[in-house]
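Asker: Numbering-wise (our numbering), the sequence shown opens with residue 5 and increments by one. Glycine included, each C-beta is placed from N, C-alpha and C at the ideal position.
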Amino acid sequence: MKTYIQENKQRFFDELFSLLRIPSISAKPEHKPDMYMCAQRLVDLLKEAGADDADVYETAGHPVVYGYKNIGAPKTVLVYGHYDVQPPEPLEKWRTDPFEPVLAKDPVTGEDAIYARGANDDKGQLFMHLKAFEFLLKTGQLRHNVKFIFEGEEEIGSGSLPAWVEAHKDLLKADVILVSDTTMISEKVPSINCGMRGLAYLEVKVTGPNKDLHSGHYGGAVANPINELCALIASLHDEDGRVAIPGFYDDVVELSAEDRALLNKAPFDMEEYKQFLDIKEVKGEKGYTTLERTAIRPCLDVCGIWGGYTGVGAKTVLPSVAYAKVSMRLVPWQTSAKITKLFQEHLQRIAPPYVKVEVTPFEGGDGFLIPISSHAYQAASKAMADVYGIEPVPARGGGSIAILADMQRILGIDPLLMGFGLERDTIHSPNESYLLRQLFAGMESIVGFYKYY
Numbered sequence: 005m006k007t008y009i010q011e012n013k014q015r016f017f018d019e020l021f022s023l024l025r026i027p028s029i030s031a032k033p034e035h036k037p038d039m040y041m042c043a044q045r046l047v048d049l050l051k052e053a054g055a056d057d058a059d060v061y062e063t064a065g066h067p068v069v070y071g072y073k074n075i076g077a078p079k080t081v082l083v084y085g086h087y088d089v090q091p092p093e094p095l096e097k098w099r100t101d102p103f104e105p106v107l108a109k110d111p112v113t114g115e116d117a118i119y120a121r122g123a124n125d126d127k128g129q130l131f132m133h134l135k136a137f138e139f140l141l142k143t144g145q146l147r148h149n150v151k152f153i154f155e156g157e158e159e160i161g162s163g164s165l166p167a168w169v170e171a172h173k174d175l176l177k178a179d180v181i182l183v184s185d186t187t188m189i190s191e192k193v194p195s196i197n198c199g200m201r202g203l204a205y206l207e208v209k210v211t212g213p214n215k216d217l218h219s220g221h222y223g224g225a226v227a228n229p230i231n232e233l234c235a236l237i238a239s240l241h242d243e244d245g246r247v248a249i250p251g252f253y254d255d256v257v258e259l260s261a262e263d264r265a266l267l268n269k270a271p272f273d274m275e276e277y278k279q280f281l282d283i284k285e286v287k288g289e290k291g292y293t294t295l296e297r298t299a300i301r302p303c304l305d306v307c308g309i310w311g312g313y314t315g316v317g318a319k320t321v322l323p324s325v326a327y328a329k330v331s332m333r334l335v336p337w338q339t340s341a342k343i344t345k346l347f348q349e350h351l352q353r354i355a356p357p358y359v360k361v362e363v364t365p366f367e368g369g370d371g372f373l374i375p376i377s378s379h380a381y382q383a384a385s386k387a388m389a390d391v392y393g394i395e396p397v398p399a400r401g402g403g404s405i406a407i408l409a410d411m412q413r414i415l416g417i418d419p420l421l422m423g424f425g426l427e428r429d430t431i432h433s434p435n436e437s438y439l440l441r442q443l444f445a446g447m448e449s450i451v452g453f454y455k456y457y
């Protein structure tokens, strides 16, 4: 594979860049045409790589790309990825145009990287599978049937995909779901995610007076929705950093001391972690390490808060309405539906009488676990050990890929997460990038997976 990469490197860049240039932002309705453009480009790349067929399928939301190669093999690998990307804002923090990919040096390490929105998440990682498949097919080494499903709604919760998967489950029959949409623990030690957290994402609206008011005429006499919203949010954690919603932890399974010790064997440098984030101390649920807090424990965070006047200069206004967006990461056995209901009921229960509180659910999905004893996991472990020279450690991802739990349930097969991103890639943030060595190591590792699986 190394030789094939070197011989085709420029073509790989041209093809990947053609995907990265398309602003397939699923969250913004005005980019609907770009979603179709990106989906069609993936169809073309699948066919060029050697798929028997590929096409764009309609859903209730953004389209799905499905393609396949059937060689009559006893095993079938279903490759999942997503072509939608996060909005690039704030644009002023990007060093380059987010949708004009460039090859540049990492400002810290000097290593070559691709900079663009989607460079890692998930167009770059999705692309690795296309090229690994192409290599195996062209060199006569493909020993499995391969199916591809690329969706356009992962960044907004995959709302339309469960119904599409349910309607096409015969089409999607396979033995394993192979995914590259996650990060490794560190640059020094590779890892394979054996589980991910779920997600419940909501918007809170607090309404006070029926219009904005003069803060001098009414201040101190009428409830300020921003003040009340802040008080509500502040009450959602106790002094030990636990979420203070009754019933929130009812379905959380406490790991054994042995399992916790295994998780904490993963290399982790606290000082390096704090330096990378430019913080003096970490903060989280009492009694758990940072690795545990981001993997085996649920959490609640405010992702955005606004209301009133935020423009230049002063405007003495007491706002009528205030808003917050709240994200709750959930661990396996917690369900998004139950946690969303608990949150809604709790806020209504504690809301003071002088404001009205509304909670609107946005995204949701459940977490999942896979056994590290599985044949697929062991194949991935051997493949990555060949490439990195060290056996990868099992890890749990702190993020969420909501659809994978649904696919696991509907199709009856486990996902395997061979992710090659690094924290330095700053996905979802300005200046997203992907190191070339990780891009190419990912291609080699995926080829190795097919060898051992």
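Let me know if N214 comes out buried or exposed under the rule of 16 or more other beta-carbons within 10 Å of its beta-carbon.
Answerer: exposed
Asker: Since P365 contacts L203 with CB under 8 Å, what's their CB separation in whole angstroms?
Answerer: P365 to L203, Cβ: 11 Å. No contact.
Asker: Classify A328 as buried or exposed, calling it buried when 16 or more other Cβ atoms lie within 10 Å of its own Cβ.
Answerer: Buried.
Asker: Under the rule that 16 or more other beta-carbon atoms within 10 Å means buried, what is Q10, buried or exposed?
Answerer: exposed
Asker: Please name the residue, chosen from M39, N74, L259 and C307, that lies closest to R301 on a Cα-to-Cα basis.
Answerer: L259
Asker: Measuring CB atoms only, is the region 38-49 touching the region 58-67, in the sense that at least three cross pairs come out at less than 8 Å?
Answerer: yes
Asker: To the nearest angstrom, how far is it from the Cα of R441 to the Cα of R264?
Answerer: Computed Cα separation, rounded: 31 Å.
Asker: Do the CB positions of A270 and I189 come within less than 8 Å of each other?
Answerer: yes
Asker: Give me the residue from M200, H86 and D174 with the minimum Cα distance to G403.
Answerer: Minimum Cα distance to G403 is reached at M200.
Asker: Which ranges would you report for the alpha helix (DSSP H) in the region 139-181 if only whole runs of at least 4 residues count?
Answerer: 165-171
Asker: So, is D410 buried or exposed, given that buried needs 16 or more other C-beta atoms within 10 angstroms?
Answerer: Taking all protein chains in view, the Cβ of D410 is crowded by 16 or more other Cβ atoms within 10 Å, so the residue is classified as buried.
Asker: Could you tell me the distance, in whole angstroms, from the CA atom of R413 to the CA atom of Y313?
Answerer: When rounded, the distance between both Cα atoms is 46 Å.
Asker: To the nearest angstrom, how far is it from the Cα of P398 to the Cα of L267?
Answerer: 8 Å
Asker: Candidates E436, S449, A445 and K455: which alpha carbon is nearest L95's?
Answerer: E436
Asker: Bridge partners for F372 per DSSP, in chain order?
Answerer: M200
Asker: If you measure between the beta carbons of F154 and Y87, is that distance less than 8 Å?
Answerer: yes
Asker: Can you tell me where the alpha helix (DSSP H) with D38 in it begins and where it stops?
Answerer: K36 to A53
Asker: From which residue to which residue does the alpha helix (DSSP H) around S219 run?
Answerer: S219 to Y222
Asker: What does the alpha-carbon distance come out to for the pair I450 and D242?
Answerer: 44 Å
Asker: Report yes if the CB atom of K287 is closer than 8 Å to the CB atom of D244, and no otherwise.
Answerer: no
Asker: Taking just the CA atoms, how far does E362 sit from V210?
Answerer: 7 Å
Asker: Report buried or exposed for A383, applying the criterion of at least 16 other Cβ atoms within 10 angstroms of its Cβ.
Answerer: buried
Asker: Please identify the residue among E275, V335 and D282 whose C-alpha is closest to the C-alpha of R297.
Answerer: V335
Asker: Tell me whether the beta-carbon of P375 lies closer than 8 Å to the beta-carbon of M388.
Answerer: no
Asker: Residue ranges of each beta strand (DSSP E) run of no fewer than 3 residues wholly in the region 225-305, ordered along the chain?
Answerer: Whole beta strand (DSSP E) segments, 3+ residues: zero.
Asker: My output table needs one value for E362: the three-state DSSP class, helix, strand or coil.
Answerer: Shown here, E362 sits in a strand according to DSSP, grouped into three states.
Asker: Helix, strand or coil: which one does DSSP assign to G452?
Answerer: helix
Asker: Does the count of Cβ pairs from the region 116-135 and the region 421-438 closer than 8 Å reach three?
Answerer: yes
Asker: Judging by CA-CA distance, which residue of N228, F252 and L408 is the nearest neighbour of F347?
Answerer: F252
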